[in-house]
Amino acid sequence: MNAIDEAHVLLADQVTKRFGGLIAVNKIDFTIPTQSIVSLIGPNGAGKTTFFNIIAGIYDPTAGRIEFGGETKIARSKRAWLEPLLWLIVPAILAVITIVLGTSGAPETVIAIGLFVTIITLLAVLVTGVARPPWYQRMLTRAGIFRSARPNDMVVAGLGRTFQNIRLFANMTAMENVLVGMHARMKASWLDALLSTPADRREEVSARVRARELLELVGLKGVDDELAKNLPYGDQRRLEIARALASNPTLLLLDEPTAGMNPRETQQLTDLISRLRRDLGLTILLIEHDMRVVMGISDRVTVLDHGEKIAEGTPDEVRRDPKVIEAYLGAPAV
Amino acid sequence: MSAGQRALRPRFERVRAGRSRIRDLSEQHRSATIFIGMLIVTLLMIYLPKYPPFNGILREQSWFDAFANAGVYVLLAMGLNVVVGLAGLLDLGYAAFFAIGAYTYAYSNSPYSGLDLPFLPMLVIGAAVAAVFGIALGAPTLRLRGDYLAIMTLGFGEIVPIVFLNLENWTQGTNGIGGIFRPEELPGIGRFGALTPFAYFILMAGIVTIAMVFLYRLQDSRVGRAWNAIREDELAAAANGINTVTTKLLAFALGATTAGLAGVFSASKLTIVSPDQFYFTVSFTVLAMVILGGMGNIWGVAAGAFVVFMIQTVALKQLNTIKEGFHLQPLDLGPIHWDLAKIDFTSYQFLLYGVALVAMMLLRPEGLFPSQRRRRELHIADEMLADHLVDEAPVVIDEAAVASSLGETPGADETFDGTTRGDEPGGDR
Chain A
0 MNAIDEAHVL LADQVTKRFG GLIAVNKIDF TIPTQSIVSL IGPNGAGKTT FFNIIAGIYD
60 PTAGRIEFGG ETKIARSKRA WLEPLLWLIV PAILAVITIV LGTSGAPETV IAIGLFVTII
120 TLLAVLVTGV ARPPWYQRML TRAGIFRSAR PNDMVVAGLG RTFQNIRLFA NMTAMENVLV
180 GMHARMKASW LDALLSTPAD RREEVSARVR ARELLELVGL KGVDDELAKN LPYGDQRRLE
240 IARALASNPT LLLLDEPTAG MNPRETQQLT DLISRLRRDL GLTILLIEHD MRVVMGISDR
300 VTVLDHGEKI AEGTPDEVRR DPKVIEAYLG APAV
Chain B
0 MSAGQRALRP RFERVRAGRS RIRDLSEQHR SATIFIGMLI VTLLMIYLPK YPPFNGILRE
60 QSWFDAFANA GVYVLLAMGL NVVVGLAGLL DLGYAAFFAI GAYTYAYSNS PYSGLDLPFL
120 PMLVIGAAVA AVFGIALGAP TLRLRGDYLA IMTLGFGEIV PIVFLNLENW TQGTNGIGGI
180 FRPEELPGIG RFGALTPFAY FILMAGIVTI AMVFLYRLQD SRVGRAWNAI REDELAAAAN
240 GINTVTTKLL AFALGATTAG LAGVFSASKL TIVSPDQFYF TVSFTVLAMV ILGGMGNIWG
300 VAAGAFVVFM IQTVALKQLN TIKEGFHLQP LDLGPIHWDL AKIDFTSYQF LLYGVALVAM
360 MLLRPEGLFP SQRRRRELHI ADEMLADHLV DEAPVVIDEA AVASSLGETP GADETFDGTT
420 RGDEPGGDR
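Line order of the protein sequences matches chains A and B. FYI, the numbering for the first sequence is 0 to 333, going by numbering that gives the first Met the number 0. FYI, the numbering for the second sequence is 0 to 428, going by numbering that gives the first Met the number 0.
Spelled out as structure tokens, the structure:
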């Protein structure tokens, strides 16, 4: 498989993840067509969530790469050892200049200024290296250094996710949870906040309006000031989806969104997912155990077992695949 | 509900409505509220020492001196609160940044270095230098979590005073740098002097007010929310687009900045800096103040620091005076000989901290003046109970849900938005 084309948002190429001796994900090729709903199914321990976490930037893969939004975002790091050396180049040059000045009998103030500039440069480089702004990453790519994207980089690139075991900010209100989700799309820096600039205040107001819209979109009304942990279980699931939507993602990863829900709530959530695709033009990747949900809304289904992809296709194709039946029910059932 | 309770209800409601209106107003005009509040507090501090019983305890100028010294700890506590209370990073070496600010001022304004730089710019520079060290320490280490970060900050807090102690050629070791010049006279508040601490006090009130305005603004901003999210769940925060490393670094640097500011002020007031002013006891004292005051609540932490400092410097001495008034006889019980007259309450300071912390954790773990958030975290059980008592929602049996859970398909007219929270059958917590 080569470069990603217009029709796909995400492409996984021979992705492998090893934990010690265990191969959790083994050489998986995978694409997600734009504006489709793709499901990832498989028995427990098949490597679904691991694969999910690789896509979300939480684990670095042992081998293979993931392309998202037109560029390779996730792969094993390449020449990463070079990066700290690059940090040192500029400060080292400054230090050498200072030392040369010192030995050639320059006045003390000049040496002091030289030292000062060196230290400040070192710090600036260090902070840049830690923060890794986009221009810095582009510079690294040009130098042939590759570092896998971190979760927050993937969010900036347009990926939103929910967790299998709900991970809301339990002691923040529903509204605050959604506002945190907007973090990557807001621009106000800490200096804007200190000075309370008009731009900062405007942004804050419009963020709240948008957050309220999102809460209503997922069906949460009048719970803005309710603590996340006080919400009923089904509402927590929906709030997590609202939070993931807040970063305006192009690809939404949902990890078992209907786990622990009753049939009615499951039905409502299924409707919501198809509505998200239709109204917001989202692409959705889903891990799910409830076969009624999977077969009902998926365009394509991929089946994993023991870290390997054993089947892929439309829901009907997958349902009839003998390998899938074997994986779920055991060999004698075939 | 009895008839008496029923009659009381409207008044409670009115009081409650009034309080919530005031709260809304103060939240909408937060900076103005802080200015007015601090103005009232400052005026009280100026006028109360003139009247009994306060004028009997200390002379007026001594009160101002104590207030100014308390201000240093108020600043320190508010700065540490950003790191510990807002971002949830346990920093046990906070005094290091205090030391760096103080030594920066000592270098810029003392016979030892021969420099005499203006005070107000030095406040900013001292804070900036401390921030630089905060970043230098934080950048490589803030990937650590919880206990590991605490141990590392503990190490840093030990290193800094020891470095100042052992670099004798530059810092005069144990003797410290003395004879630091006092700030030049500022218009309107008079001279800064050992006998005229009023100027220090007013300046400190100004600094605390500005710091408080800034910190409240940060807390309510995008950055403040990000800190909170990191404190709650770092992985989820990262998965929601927060750059956890830079956000934590910012908290660390801002905490260091505040400590640097306090350091400059403290050095200019004491006119001497020496390593023993910055040992672990200072970090511990400030942390205890933050915990006692109410971690996460900015004004609570400030008030807590003020109260603790005043108890430690004024109340304990006062206890000594009261005790002397009793002319206690030595207690002689055979082998036990206890000279009550010789008890010095001021030396029991850390014992009191210990007792206060233990008692606080058992009785009121959220602190004296907790933030709403902390209280909700720690007392959720009571609150949920109260909620249930207030709005006993009628139980609605949802026929569609029952039907669907029995295997039938849900009703076709059912819409997603058509449900309200009250009738969620799956709403178990």
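Note that CB positions come from ideal geometry on N, CA and C, so glycine has one too.
Residues near residue i by beta carbon distance below 8 angstroms, same chain, minus five either side
{"i": "L93(A)", "result": "G113, V116, T117, T120"}
Residue i burial status per 10 Å Cβ neighbour count (16 or more: buried)
{"i": "V251(A)", "result": "In the sequence on display, residue 251(A) carries Leu and not Val. Buried, since its Cβ has 16 or more Cβ neighbours within 10 Å."}
{"i": "W337(B)", "result": "exposed"}
{"i": "F163(B)", "result": "buried"}
{"i": "G299(B)", "result": "buried"}
{"i": "F326(B)", "result": "Inspection of the sequence shows that residue 326(B) is occupied by His rather than by Phe. It is exposed - the Cβ of H326(B) has fewer than 16 other Cβ atoms within 10 Å."}
{"i": "F277(B)", "result": "buried"}
{"i": "A31(B)", "result": "exposed"}
{"i": "V272(B)", "result": "buried"}
{"i": "R375(B)", "result": "buried"}
{"i": "M211(B)", "result": "buried"}
{"i": "R144(B)", "result": "exposed"}
{"i": "M0(A)", "result": "The pLDDT assigned to M0(A) is 42, lower than 50, so where the model puts this residue is not dependable, and the model offers no usable value."}
{"i": "Y102(B)", "result": "buried"}
{"i": "L303(A)", "result": "buried"}
{"i": "Q267(A)", "result": "buried"}
{"i": "D278(A)", "result": "exposed"}
{"i": "S282(B)", "result": "buried"}
{"i": "I201(B)", "result": "buried"}
{"i": "R230(B)", "result": "buried"}
{"i": "Y72(B)", "result": "buried"}
Other residues of its chain near residue i: CB distance less than 6 angstroms, five sequence neighbours each side excluded
{"i": "L281(A)", "result": "L251, L275"}
{"i": "L315(B)", "result": "F344, T345"}
{"i": "A252(B)", "result": "A130, G133, I134"}
{"i": "L158(A)", "result": "P248, L250"}
Alpha-carbon spacing of residue i relative to residue j, whole angstroms
{"i": "T246(B)", "j": "A142(A)", "result": "27 angstroms"}
{"i": "G84(B)", "j": "A198(B)", "result": "31 angstroms"}
{"i": "I477(B)", "j": "A76(B)", "result": "The structure shown does not extend to residue 477(B), since chain B spans only 0 to 428, so no value can be given for it."}
{"i": "I176(B)", "j": "T170(B)", "result": "6 angstroms"}
{"i": "Y46(B)", "j": "V207(B)", "result": "19 angstroms"}
{"i": "E316(A)", "j": "R146(A)", "result": "38 angstroms"}
{"i": "F63(B)", "j": "N54(B)", "result": "12 angstroms"}
{"i": "I335(B)", "j": "Q311(B)", "result": "29 angstroms"}
{"i": "P329(B)", "j": "Y347(B)", "result": "19 angstroms"}
{"i": "R78(A)", "j": "L39(A)", "result": "33 angstroms"}
{"i": "V24(A)", "j": "L84(A)", "result": "33 angstroms"}
{"i": "E391(B)", "j": "R200(A)", "result": "With a pLDDT of 44 at E391(B), under the threshold of 50, the modelled position of this residue cannot be trusted, and the question is left open."}
{"i": "Q218(B)", "j": "R18(B)", "result": "22 angstroms"}
{"i": "M185(A)", "j": "T196(A)", "result": "14 angstroms"}
{"i": "D12(A)", "j": "E264(A)", "result": "36 angstroms"}
{"i": "K16(A)", "j": "A62(A)", "result": "7 angstroms"}
{"i": "P117(B)", "j": "K268(B)", "result": "15 angstroms"}
{"i": "Y215(B)", "j": "Q371(B)", "result": "14 angstroms"}
{"i": "R131(A)", "j": "R64(A)", "result": "20 angstroms"}
{"i": "A400(B)", "j": "N43(A)", "result": "The predicted position of A400(B) is uncertain, since its pLDDT is 48 and thus under 50; a value taken from the coordinates is nonetheless stated next. For A400(B) and N43(A), the distance between alpha carbons rounds to 28 angstroms."}
Residue i: contacting residues in chain B (beta-carbon distance under 8 angstroms)
{"i": "S297(A)", "result": "Result: empty, since nearest Cβ-Cβ is about 19 angstroms, beyond 8 angstroms."}
Residue i beta carbon near the ligand GDP (any heavy atom closer than 7 angstroms)
{"i": "R291(A)", "result": "No copy of the ligand GDP occurs in the structure displayed, which carries no ligand at all."}
Where residue i meets chain A, residues with beta-carbon distance less than 7 angstroms
{"i": "L122(B)", "result": "Going along chain A, no residue has its Cβ under 7 angstroms from L122(B), so there is no contact; the nearest lies around 16 angstroms."}
Neighbour list for residue i in chain A, Cβ cutoff strictly below 9 angstroms
{"i": "D115(B)", "result": "Near D115(B) there are no residues of chain A at all, since even the closest Cβ is about 17 angstroms away, more than 9 angstroms."}
{"i": "N431(B)", "result": "The structure shown does not extend to residue 431(B), since chain B spans only 0 to 428, so no value can be given for it."}
{"i": "L234(B)", "result": "I57, P150, F162, R166"}
{"i": "V131(B)", "result": "I118, I119, L122"}
Partners in chain B for residue i, counting only beta-carbon separations shorter than 7 angstroms
{"i": "N170(A)", "result": "E231, R372, R375, E376"}
{"i": "P336(A)", "result": "Any answer about residue 336(A) is impossible in this case: the structure gives chain A only from 0 up to 333."}
{"i": "S195(A)", "result": "R216"}
Proximal residues of chain B, C-beta to C-beta of residue i below 9 angstroms
{"i": "V154(A)", "result": "A237, A238, N239, G240, I241"}
{"i": "V126(A)", "result": "I134, A138, T245, L248"}
{"i": "M294(A)", "result": "Ordered by position in chain B, no residue passes the 9 angstroms Cβ test against M294(A), which lies about 15 angstroms from the chain."}
{"i": "M185(A)", "result": "R221"}
Amino acids of chain D, ordered along the chain, whose beta-carbon sits closer than 9 angstroms to that of residue i
{"i": "S246(A)", "result": "Looking at the structure shown, chain D is missing, and the protein chains on hand are A and B."}
Identified DSSP bridge partners for residue i
{"i": "E70(A)", "result": "F67(A)"}
{"i": "F29(A)", "result": "A11(A)"}
{"i": "R372(B)", "result": "According to DSSP, R372(B) bridges with nothing at all."}
Own chain partners of residue i with C-beta closer than 7 angstroms, once the 5 adjacent residues on each side are dropped
{"i": "I96(A)", "result": "G113"}
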